[in-house]
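Chemist: I'd like to ask you about the structure that follows.
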Amino acid sequence: MQHEQGISLRIAVISDIHGNLEALTSVFELLDQQGVDRTLCLGDVVGYGPDPGACLSLIQERCDVIVAGNHEHAVLDLLDLDYFNPIARQATLWTRSQLDEEQLEYLRGWPLVHHETDFSIVHGSLDQPDLFDYIQTTWDAHLSFQQLQTPVCFIGHSHVPVSFLLSDVIRYNTDAVVEMPEGLQAIVNVGSVGQPRDGNPAASLVIYQPEERRIERFRVKYDIEAVQQKIRQSGLPEFLAERLAEGR
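The opening residue of the sequence shown carries number 8 in the working numbering; numbering runs sequentially from there.
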């Protein structure tokens, strides 16, 4: 599992772009600098933000594996909009109106879960992934660890970067770097590119080195004001613009 130059494989994992093209573009600029070999996307590319179509095009061009999030399922009428709060519902209906049939067909091809030897990926939880449950506590993580057959599962959905580490017990971890010795499994929330909710407005992602069993978190600043202006011009709810600057 080596580059031709003998450098170990580097896999970027991103999630929850939410139609934020400025954030996504800034993230890919970082990944170009970092020299990653593959990029995985954990869904919710659309919803909330003003550029769903452009984000889909960039994800299609740049990502190697993509799984669906609840916002893709909502846009496709695979998820009841009663699942959403009124702001999310309004944003979903607006997003649906911005996508053409070819783009919707592209979304229909995204699986809910993807497994490889070194990792698994899912938007919400390995335990009944079609329900899009959140993993926010060690008990939530326990249910997914019961399903986990690989060293690590990368998740998104909550927009909060955190790791759950399983050895003898499950530990809640917020370190920027996670080293995984043999025998340890991890569920790693990579945070959100386009709408972080941990109090830090910078886009969030991770880079995974499977040979070293090492995961590193990155934050990327982007032009928040430009996105806010687009949101306001589109007629989307003002709250969706305001929250970007607060990271909430």
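Every residue gets a Cβ at the ideal spot worked out from N, C-alpha and C, and that includes glycine.
Since this is a predicted model, take the numbers as computed values, not measurements.
Evaluate glutamine 202 with the Cβ neighbour count: other Cβ atoms within 10 Å of its Cβ, from every protein chain shown; 16 or more gives buried, anything less gives exposed.
Modeler: buried
Chemist: Check whether the region 217–237 and the region 176–193 are in contact - that is, three or more C-beta pairs closer than 8 Å.
Modeler: yes
Chemist: My output table needs one value for glutamate 186: the three-state DSSP class, helix, strand or coil.
Modeler: strand
Chemist: How many Å lie between glutamine 110 and leucine 63 at the Cα?
Modeler: About 8 Å.
Chemist: Just verifying my parser: in three-state terms, what is the DSSP assignment at leucine 85?
Modeler: coil
Chemist: Quick one: what's phenylalanine 171 bridged to in DSSP?
Modeler: Tyr179, Ile194
Chemist: With DSSP as the reference, label serine 22 as helix, strand or coil.
Modeler: coil
Chemist: Going by C-alpha to C-alpha distance, which of Asp23, Ala30, Val159 sits closest to alanine 233?
Modeler: Ala30
Chemist: Hey, could you find the ends of the alpha helix (DSSP H) arginine 103 is sitting in?
Modeler: Element bounds for arginine 103: 93–105.
Chemist: Got a sec, what are the start and stop residues for the alpha helix (DSSP H) isoleucine 238 sits in?
Modeler: 231–241
Chemist: By a C-beta neighbour count over all protein chains shown, 10 Å radius and 16 as the cutoff for buried, is aspartate 147 buried or exposed?
Modeler: With 16 or more Cβ atoms within 10 Å of its Cβ, aspartate 147 is classed as buried.
Chemist: For the beta strand (DSSP E) that contains histidine 1, what are its first and last residues?
Modeler: No statement about residue 1 is possible, as the shown extent of the chain runs from 8 to 255 and does not include it.
Chemist: Can the beta-carbon of glycine 254 be found less than 8 Å from the beta-carbon of proline 208?
Modeler: yes
Chemist: So arginine 204 and valine 167 are supposed to be a Cβ contact under 8 Å. How far apart are they, rounded?
Modeler: 6 Å
Chemist: Comparing C-alpha positions only, which one of Arg69, Glu112, Arg115, Phe171 sits nearest to methionine 187?
Modeler: Phe171
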